[in-house]
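In the UniProt record's numbering, the protein residues as written are 1 to 231.
Below is one structure, written out as structure tokens; the observations come after it.
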Ligand SMILES: Nc1ncnc2c1ncn2[C@@H]1O[C@H](COP(=O)(O)OP(=O)(O)OP(=O)(O)O)[C@@H](O)[C@H]1O
């Protein structure tokens, strides 16, 4: 079984500590916290994309090689993650057989390969981005608020798709979001962070039913309140 253990991740800017956390991913983990809590910095640290002005101490253990092939990244805004002037076909870095195979997994016809991003719908673009992410020998998928830019219908579809891919491809998942509701279907565990520190962690079901910390209760309530508001 795959495992990725963030034994220590400490990120400082000058004398300010921005992140100081440790947690293990052995299935699917949601990383949740209010804006500015350090979620994106944590993802960037895993992707080796932290800006040079930050001081980083990183101790990560995994039972697979952690490199650009084993990490797949799904960004917040699928619309800006594809090159607009390049046909979908040229945005993959794998052979033709693999392209068709991963497109099938995300329920897209191979005819999209011959199109430009502007010829696809928002939901189709997000599916292409997911297909590109899984076209390598991916072991862990990092998702940065992957449904924020989508409407409710597409949001539901993408959540179902990710949940399905996780099972079929046996992937580890680290899902960053503000929206606790969206991770119920996908994530077994939750890690709650505030100002770069771990506040509470455990099984999703248990934390949603019985949050211990006030901060967690507020995050859960605001997520449900938003949902009501959007109805
Ligand atoms: N390059 C940087 N230099 C200095 N401080 C930074 C840098 N990048 C991020 N920070 C600070 O680190 C903290 C955490 O930022 P981060 O982007 O990880 O938050 P986040 O939880 O992803 O927020 P959001 O949900 O709004 O995306 C913030 O206070 C931010 O201002």
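The beta-carbon is built from N, C-alpha and C at its ideal position, and this holds for glycine as well.
For clarity, every value in this text was computed on a predicted model and none was experimentally measured.
If you draw a straight line from the alpha carbon of residue i to that of residue j, how long is it in whole angstroms?
i, j, result
"residue 13", "residue 19", "10 Å"
"residue 44", "residue 219", "23 Å"
"residue 215", "residue 28", "22 Å"
"residue 125", "residue 142", "17 Å"
"residue 230", "residue 152", "Confidence is the limiting factor: at residue 230 the pLDDT is only 46, short of 50, which leaves the residue's position unreliable, though a coordinate-based value still follows. Straight-line Cα distance between these residues: approximately 9 Å."
"residue 88", "residue 146", "19 Å"
"residue 196", "residue 205", "23 Å"
"residue 26", "residue 1", "8 Å"
"residue 74", "residue 165", "13 Å"
"residue 150", "residue 64", "33 Å"
"residue 34", "residue 17", "17 Å"
"residue 160", "residue 70", "22 Å"
"residue 243", "residue 107", "No answer is possible for residue 243: it lies beyond the span of the chain, which begins at 1 and ends at 231."
Does the distance between the C-beta of residue i and the nearest non-hydrogen atom of ligand 1 fall short of 8 Å?
i, result
"residue 73", "no"
"residue 197", "no"
"residue 304", "Nothing can be reported for residue 304: it is not among the residues displayed for the chain, which extend from 1 to 231."
"residue 53", "yes"
"residue 38", "yes"
"residue 56", "no"
"residue 233", "As shown, the chain starts at 1 and ends at 231. That puts residue 233 outside it, with no answer to give."
"residue 191", "no"
"residue 42", "yes"
"residue 9", "no"
"residue 13", "yes"
"residue 219", "no"
"residue 19", "yes"
Looking only at DSSP bridge pairs, what is residue i linked to?
i, result
"residue 62", "4"
"residue 200", "192"
"residue 55", "12"
"residue 72", "141"
"residue 40", "BP columns for residue 40 are empty, so no partner."
So, at 7 Å on beta carbons, what are the nonlocal neighbours of residue i in its own chain, with the 5 sequence-adjacent residues on each side left out?
i, result
"residue 57", "8 and 10"
"residue 61", "5 and 7"
"residue 92", "99, 132 and 135"
"residue 118", "84"
"residue 114", "87 and 89"
"residue 177", "30, 32, 145 and 183"
Identify, in the order they occur along the chain, each residue of the same chain with its Cβ nearer than 6 Å to the Cβ of residue i, setting aside the five sequence neighbours on each side.
i, result
"residue 223", "179, 180 and 181"
"residue 192", "32, 199, 200 and 216"
Can you give me the Cβ contacts of residue i inside the same chain, cut-off strictly under 8 Å, excluding the 5 residues immediately before and after it?
i, result
"residue 116", "84, 85, 86, 87 and 88"
"residue 109", "103"
### Message
As an exercise, report each continuous beta strand (DSSP E) stretch of at least 3 residues that is fully enclosed by the region 102-166, in chain order.
### Response
With a minimum length of 3 residues, the continuous beta strand (DSSP E) runs that stay inside the region 102-166 are 140-144.
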